[in-house]
Amino acid sequence: MDQGTSIRKNPSRETCEGIIKRILMTEVLQHGTNKTFKSASDFMSYFESLYPASDALTKQVQRAIKALDMPKDEHGYFIVNKTVAQLDQEKEISRAFSLAHVTIDPMENYETVFLTADAPMRSYLTHILDTSETFRGKFLTILETSNGLIIYTQNKNQLLILLNSLTI
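When we follow my numbering, the leftmost residue of the sequence shown carries the number 11, and every step to the right adds one.
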């Protein structure tokens, strides 16, 4: 065989992985989700348009699919850019959110008030403000910082009046 004749050999597993990722990303960008690719065989027509069809090519694509460790959705389609471990973590986070009755508050309506306080008293102040009937409902949370307390509130002016009335 001479140097001028070019025979396309099978791609490496890493090359296959890159091609598969690009195919899936294109699918998601064009259709919003993957509703075409469920197994290695679904990618073969693309690979066979670039490389000679062979058992070795099929095995290489199968190895790439296995190495990518992509989870599948409830209909059996590959989910791009996530591993099985990531999907398992997301399911566990979702389950924990459900058990904890998590709601999302973007805090757009909250303002902050900062109280400068000595280190030995910060935890105590946090506790008494948090358990106070007077302050109930006046703030979302209190956070201890390196030199005081940060309070998140929806009514900064009302909280400031109350705090000022207690400072000596």
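Quick reminder that beta carbons are idealized off the backbone N, C-alpha and C, glycines included.
Here residue 47 carries a coil assignment [DSSP, helix/strand/coil].
Shown here, residue 102 sits in a helix according to DSSP, grouped into three states. Residue state for residue 118 is assigned as coil, using DSSP reduced to three classes. Taken atom to atom, the span from the alpha-carbon of residue 140 to that of residue 91 is near 43 Å.
DSSP lists 123 and 152 as the beta-bridge partner residues of residue 161.
Residue 145 sits in coil when the DSSP states are folded into three classes, being neither helix nor strand.
Here the region 18-27 lies against the region 72-81, with 3 or more beta-carbon pairs under 8 Å apart.
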